[in-house]
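Residue numbers (the working numbering), protein chains in the order written: chain C, 1 to 544; chain S, 1 to 109.
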């Protein structure tokens, strides 16, 4: 059963909205409208996603044969570094907050814009500036340290463009801080009358928790990068033992940000997931307060577990034990979410529209990524699979299987609101399936490869691993095609798609009460909220 | 929203204090006081940071919510230092396998 309603005639929406209120490049580059800034982010993030993706495709092609097919080992090192840096800092971290968050936060809370619209535009320029530095580093010859910039390699030995790339990440960090600050103030100060904290959509709770991590974590990464640069340029001893430093201190400071950053990447995805599951099962979320609080729980606990990246680094094993126990704890709020989504589906009136296919894919893939995370939190197993493809598979199940699925689900869900147009449902469902299949074929063999002992970050491998590597590479090509299909039909739909109604999915939430696309000021009158979130009518089957 | 207005005189006074304390830090750096060097330098740094936070960042005049936000940053700093020190301070607890020479006990650290 489909819940889709669209207007028949494929003609442009007649009202004045944020897309047709002004035209021309200037009207976009100087806009302070959160919706237009969201689209600026959408375009730039998509660009970085495909550049980072191209690096991944090259790597997978190279690994078709045990001796390596395409590039020199040194170039291979640069490929995985570029892939990591672009995907982590320029796609995964900003994707949902800066695109969907920017677009939706004011509309979901009944506000006309974010609290600081100019700061919001500045955050995009800062992001672009950081991106340009990083692209310069790539074009000038690349970086070979891995996205983690471990010292003393990055500070002393690497002859690649470490400073430019690190500077790019440093600059982009400020874009995150500005965005996080903007969201926190907006959510505190600009909620519509009647919209109490526990009536907020769960997407808002997730974005709020993410913003806290942005603000508390990102400065530490910035400081760490500056210290690496100072050591590289002026030989100040912070991380280099020869100068009196401690290389493991770098890993502590790096992961103090970068592990919570994992939750920056997945928490907004979980927020999208809650919206999709409730809408397409037409049910109130199961255990609203637990889902909301679990976002804050993840944000807090996420800061206490970073040492699990360092079990074999020379870190004290006593610290390792503490970090191991704390890492297990993060599973609790994550599991609360997964169980509550599943319970929401129970006796729901489920429809399999494209966004829901992504949402269901998310639950399964995220769970697999999460459960293998439990393997990795265990000190003994971690030593066996440390720095192997098992770890690669684990975090790609979370990042790609979880976060990218949620991001695409969210884009498919809110595209009618963003563009005022529908996309072809058949193609969208097909793309979701292609991505699901391609993803599993790419990454499931990597679990096995890792368990068998194939280390990550090597350009060559023993011949007995070839079959699984070929499977993985084949999957990557399917995945690549899967990602291109939505790109094509979304662009197509902007001109030729059927016009979308204000609420094509019959969803709850303030953003659906305004026309598609919304006017610049979002609402003609600020709405007054009188009901709980996800107040879908209760059906007979659910009463029993 | 009306913020608290601080007189330029007070700002100037604090600015001069900060400059003087920077001078003191530099001067103390030239005197060998053993482990007291780092303690004095950190104490001065904390004093200076407190001035900046209280007056330049208006925390002295701020409401409860901004104070809570600021307090949370101190808590997070404490997390960073505590868990990092849980590694640094316990590294020497490890007993190397028999026959292996421990770097920490042979005085090479």
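Note that beta-carbon positions come from the ideal geometry of N, C-alpha and C, so glycine has one too.
Taken in chain order, the unbroken stretches of alpha helix (DSSP H) that lie wholly in the stretch 219 to 294 of chain C and span 4 residues or more are 247 to 281. Its Cα nearest to that of residue 305/C, the residue 79/S stands out among 37/S, 79/S, 10/S and 94/S. Nearest in C-alpha terms to residue 24/S, of all of 83/S, 48/S and 7/S, is 48/S. Shortest Cα-Cα distance from residue 390/C to any of 403/C, 402/C, 373/C and 481/C involves 373/C.
Excluding residues up to 5 positions away in sequence, nothing lies with its Cβ nearer than 8 Å to the Cβ of residue 491/C in the same chain. Beta-bridge partners assigned by DSSP to residue 164/C: none are found.
In the three-state DSSP reduction, residue 355/C falls in the helix class (H, G or I). When only Cα atoms are considered, residue 231/C and residue 140/C end up about 22 Å apart.
Less than 8 Å separates the beta-carbon of residue 416/C from that of residue 500/C. Short of 8 Å from the beta carbon of residue 62/C, and not among the five residues preceding or following it, lie these beta carbons of its own chain, in chain order: 68, 69, 70, 71, 76, 79 and 459.
Of all residues in the stretch 317 to 342 of chain C, the ones placed with a Cβ closer than 7 Å to any Cβ belonging to chain S are 317, 318, 319 and 322, in chain order. Contact of residue 296/C with chain S is not assigned, every C-beta pair being separated by 8 Å or more. Only residues of its own chain outside the window of five on either side were considered, and among them 89, 127 and 130 have a CB closer than 6 Å to the CB of residue 172/C, listed in chain order. For residue 214/C, the closest Cβ of chain S is not nearer than 8 Å.
At a cut-off of 8 Å between C-beta atoms, residue 86/S counts as an interface residue with respect to chain C. In the three-state scheme derived from DSSP, where H, G and I count as helix and E and B as strand, residue 367/C is classed as helix. In this structure, residue 451/C and residue 385/C form a Cβ contact; the two beta carbons are roughly 6 Å apart against a cut-off of 8 Å. In the DSSP annotation of this structure, the continuous segment of the alpha helix (DSSP H) that includes residue 67/S starts and ends at 64 to 88.
In terms of Cβ geometry, residue 403/C and residue 298/C do not form a close pair [threshold 8 Å]. Note on residue 23/C: under 16 other CB atoms within 10 angstroms of its CB, so exposed under the neighbour-count rule.
Interface with chain S (8 Å Cβ-Cβ cutoff): residue 252/C is included.
Bounds of the alpha helix (DSSP H) holding residue 9/S are 8 to 29. Assignment of beta-bridge partners to residue 388/C by DSSP yields 455/C.
With contacts defined as CB atoms closer than 8 Å, residue 45/C and residue 82/C fail to qualify as a contacting pair. With three or more CB-CB distances shorter than 8 Å, the stretch 420 to 435 of chain C counts as touching the stretch 481 to 489 of chain C. Per DSSP, the unbroken alpha helix (DSSP H) holding residue 55/C starts and ends at 34 to 62. Residue 14/S is positioned such that its CB atom lies no closer than 8 Å to that of residue 42/S.
If the five residues before and after residue 481/C are omitted, its C-beta is found closer than 6 Å to no C-beta atom of its own chain.
Interface residue (Cβ-Cβ distance to chain S less than 8 Å): residue 303/C is classified as such. Contact between residue 465/C and residue 449/C holds, with the beta-carbon distance rounding to 6 Å and staying under 8 Å. Within the stretch 214 to 243 of chain C, the residues whose Cβ lies closer than 7 Å to some Cβ of chain S are 216 and 220, listed in chain order. Distances from the CA of residue 213/C to each of 197/C, 179/C and 244/C were compared; the closest alpha carbon is that of 179/C. Contact between residue 468/C and residue 445/C holds: CB atoms are separated by about 4 Å, below the 8 Å threshold. DSSP places residue 71/C outside both helix and strand once states are collapsed to three, so it counts as coil. Annotation: the stretch 84 to 118 of chain C contains the following complete segments of the alpha helix (DSSP H) (minimum length 4 residues), in chain order: 102 to 108. Inter-segment contact for the stretch 324 to 338 of chain C and the stretch 523 to 534 of chain C is absent: fewer than three beta-carbon pairs are separated by less than 8 Å.
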